[in-house]
Amino acid sequence: MTPPPSSSRRSTTSSPVKTAPPASITVGICSFAAQPQPRSRSSRERIAANLEGALAEVAQAAAGGADLVLLSEIVAVQNVPDWPKAAEPLDSPVLTAFAREARKRRVWIGVGHVTLEEGKRYNSLVLFDRDGKCQAVYHKTFPTIWELERGIMPGLGAKTVDTELGRIGFALCYDLNFSELRLQYRDQRPDLILFSSFFRGGLQLRWWAYETRAHVAAAIIGPEGGLVNPLGRLIARTDTIMRVAVAPAHLDTAVVHLDYTNVTLDEVRLKYGKEFAFESSEAEGVLLITALGRRCVDDLLQEVGWERADRYFDRARKAREQVLAGRRPVKGPPPFVE
148 MTPPPSSSRR
158 STTSSPVKTA
168 PPASITVGIC
178 SFAAQPQPRS
188 RSSRERIAAN
198 LEGALAEVAQ
208 AAAGGADLVL
218 LSEIVAVQNV
228 PDWPKAAEPL
238 DSPVLTAFAR
248 EARKRRVWIG
258 VGHVTLEEGK
268 RYNSLVLFDR
278 DGKCQAVYHK
288 TFPTIWELER
298 GIMPGLGAKT
308 VDTELGRIGF
318 ALCYDLNFSE
328 LRLQYRDQRP
338 DLILFSSFFR
348 GGLQLRWWAY
358 ETRAHVAAAI
368 IGPEGGLVNP
378 LGRLIARTDT
388 IMRVAVAPAH
398 LDTAVVHLDY
408 TNVTLDEVRL
418 KYGKEFAFES
428 SEAEGVLLIT
438 ALGRRCVDDL
448 LQEVGWERAD
458 RYFDRARKAR
468 EQVLAGRRPV
478 KGPPPFVE
């Protein structure tokens, strides 16, 4: 297994120009939780049992048609005492087993594991492609104080990678609490963020999806993992009965503000309703546009003269500065000229 270049450096592996993702991919969310085991069981035995259980859930997700399967944080060592000491290089038996499973099932796999790189321990999220090749390693940017005390090194920030599935970003558990990381992802514009965790995230998870304008797939140890769309709405979830959720994710999306857009919305829906879905979030004053087929969202925006909400907000900032400077604000392009 060949590691990707320099996984601990702060850099994206994305190209400067973002291309439209596929119209739809299918995401599998696994919530494997280790069963209680006798204290006499060795760490090696615990890891073997966890690996078997996690791989069984991967098989279930793949059988459901998943293109990408996500597992939780440190899934294979979750019940190993002092698990930071179990750190392994990328070619370890655990990660090799997941790479082999990705190749066997022809799926992408994102899996949390404790890794060893240049003698340093990291809480990591590793992404394998359909051929079992490692495409990205993300190191947890904000380990907990408990982790830091036990030798886990912090990662250096947001990481995105451009893939056949779209632009993918990563976050692990405690990361969710830190706005600086979320804002890095907002600027890098991933289509999908993979979030592996012990804790469920709740409101923070939905806010990450909303502010980054990305889908967020969340694999949690135990129940209440799921898939959140860019409006912060839960569109699939795991629970104590259905520990594996498989759901389509339409990643070619745009969030636009309802200002001005609402003037031509009915007309646009009549003309493009078979090619795009339109979902309003009136309380927030925004609209989610989703490509359903061959045409991409950017084509629609260009044809009808709409702009993404974040660009609209940037224009509002500039207009404010112009007025404060004693100038008239520059009006936007049609349909934004009143």
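148 is the number of the first residue of the sequence shown in this note's numbering; add one for each residue after it.
C-beta: ideal position from N, C-alpha, C; glycine also.
With a threshold of 6 Å on Cβ separation, who are the neighbours of residue i within its own chain once the five nearest residues in sequence on each side are excluded?
i: LEU295; result: none
i: ARG156; result: Any reading at ARG156 is ruled out, since the residue's pLDDT is 38, under 50, leaving its predicted position unreliable.
i: ASN226; result: ALA181, ARG193
i: VAL415; result: VAL451
Identify whether residue i lies in helix, strand or coil by the three-state DSSP scheme.
i: ARG380; result: coil
i: LYS421; result: coil
i: ILE436; result: strand
i: VAL415; result: helix
i: TYR285; result: strand
i: ILE194; result: helix
i: ARG455; result: coil
i: GLU235; result: strand
i: ASN270; result: strand
For residue i versus residue j, is the C-beta distance shorter than 8 Å?
i: ALA392; j: ARG455; result: no
i: ALA365; j: ILE176; result: yes
i: VAL308; j: ILE315; result: yes
i: ARG277; j: VAL261; result: no
i: GLN291; j: LEU328; result: Inspection of the sequence shows that residue 291 is occupied by Thr rather than by Gln. Taking 8 Å as the Cβ cut-off, THR291 and LEU328 do not qualify as a contacting pair.
i: VAL205; j: GLU235; result: no
i: PHE179; j: LEU218; result: yes
i: PRO377; j: ALA356; result: yes
i: LEU405; j: GLY432; result: yes
i: ALA246; j: PHE275; result: yes
Can you grab the Cα-Cα spacing for the pair residue i / residue j, in whole Å?
i: GLY146; j: THR359; result: What is shown of the chain runs 148 to 485, which leaves residue 146 out entirely.
i: ALA244; j: LYS280; result: 12 Å
i: PRO240; j: ALA383; result: 32 Å
i: THR385; j: GLY373; result: 6 Å
i: ALA528; j: ARG297; result: Nothing about residue 528 can be read from this structure; the chain reaches only from 148 to 485.
i: GLU485; j: ALA466; result: For GLU485, the pLDDT reaches just 43, beneath the cut-off of 50, and the residue's location in the model is therefore unreliable, although a value from the coordinates is still provided. Rounded to the nearest angstrom, the two C-alpha atoms are 15 Å apart.
i: LEU350; j: TYR321; result: 14 Å
i: ASN270; j: ASP238; result: 16 Å
i: VAL284; j: GLN184; result: 30 Å
i: ASN324; j: LEU303; result: 16 Å
i: MET389; j: ALA196; result: 20 Å
i: SER326; j: ASP445; result: 28 Å
i: LEU381; j: ARG462; result: 30 Å
Within a Cβ cutoff of 7 Å, which residues of the same chain sit near residue i, ignoring the five residues on either side of it in sequence?
i: LEU447; result: TYR419, PHE423, ILE436
i: GLY212; result: THR173, VAL393
i: ARG333; result: GLU358, THR359
i: PRO231; result: VAL261, ARG268, GLU294, ARG297, GLY298, ILE299
Assuming the contact rule is C-beta atoms closer than 8 Å, residue i and residue j should be a hit. Round their C-beta distance to whole Å, please.
i: LEU319; j: SER343; result: 6 Å
i: ILE486; j: VAL224; result: The structure shown does not extend to residue 486, since the chain spans only 148 to 485, so no value can be given for it.
Using C-beta distances below 8 Å, list every residue in its chain close to residue i, excluding the 5 sequence neighbours before and after it, in chain order.
i: PRO301; result: HIS286, LYS287, THR288, PHE289, PRO290, LEU295
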